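Peer 1: So the number in our numbering is just where the residue sits in the sequence shown, counting from 1, plus 45.
Here a beta-carbon is modelled for each residue, glycine too, at the ideal position from N, C-alpha and C.
Note that this is a predicted model, so its numbers are computed, not measured.
Please find one structure pasted underneath; my questions will follow.
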Amino acid sequence: SVCVTSDGKWMISGSEDKTIRKWNIETGECVNVLEGHTSSVKSVSSHSNIVCSGSDDNTVRIWDSDAKVTHESTKGHEWGA
């Protein structure tokens, strides 16, 4: 899954390798890797530096993409989130 931040400077990607990556669109450089999901990341959404992700580990996480930390994790979906 991929999304672009509202300012158009960053691309956020979620992957089968269980990570979320923040990319500089201008340079193509990966500037941050967010780790914490235990299965494939299937959806990502972004607003400013806040990233939301849904995974096959049945959780939805809220991240600070600059600080590399998750603010909150919600579990409860029977199937991938």
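(1) Tell me whether THR104 is buried or exposed, calling it buried when 16 or more other Cβ atoms sit within 10 Å of its Cβ.
(2) THR72 by DSSP, collapsed to three states: which one?
(3) Measure the alpha-carbon distance for ALA126 versus GLY53 and round it to whole angstroms.
(4) Residues in the same chain with beta-carbon distance under 6 Å from SER88, minus the five sequence neighbours each way, listed in chain order, please.
(5) Using the rule of at least 16 other Cβ atoms within 10 Å of the residue's Cβ for burial, across every protein chain shown, is HIS82 buried or exposed?
(6) Would you list, in sequence order, the uninterrupted beta strand (DSSP E) runs of no fewer than 3 residues that lie entirely inside the region 58 to 112?
(7) Just to confirm, is the Cβ distance from ASP101 to SER90 under 9 Å?
Peer 2: Inspection of the coordinates gives the following:
(1) buried
(2) coil
(3) Confidence at ALA126 is low in this model, with a pLDDT of 49, below 50, so the placement of that residue should be treated as unreliable; the coordinate-derived value is given next. Approximately 26 Å between the Cα atoms of the pair.
(4) SER46, GLY99
(5) buried
(6) 64 to 69, 75 to 80, 86 to 92, 95 to 100, 104 to 109
(7) no
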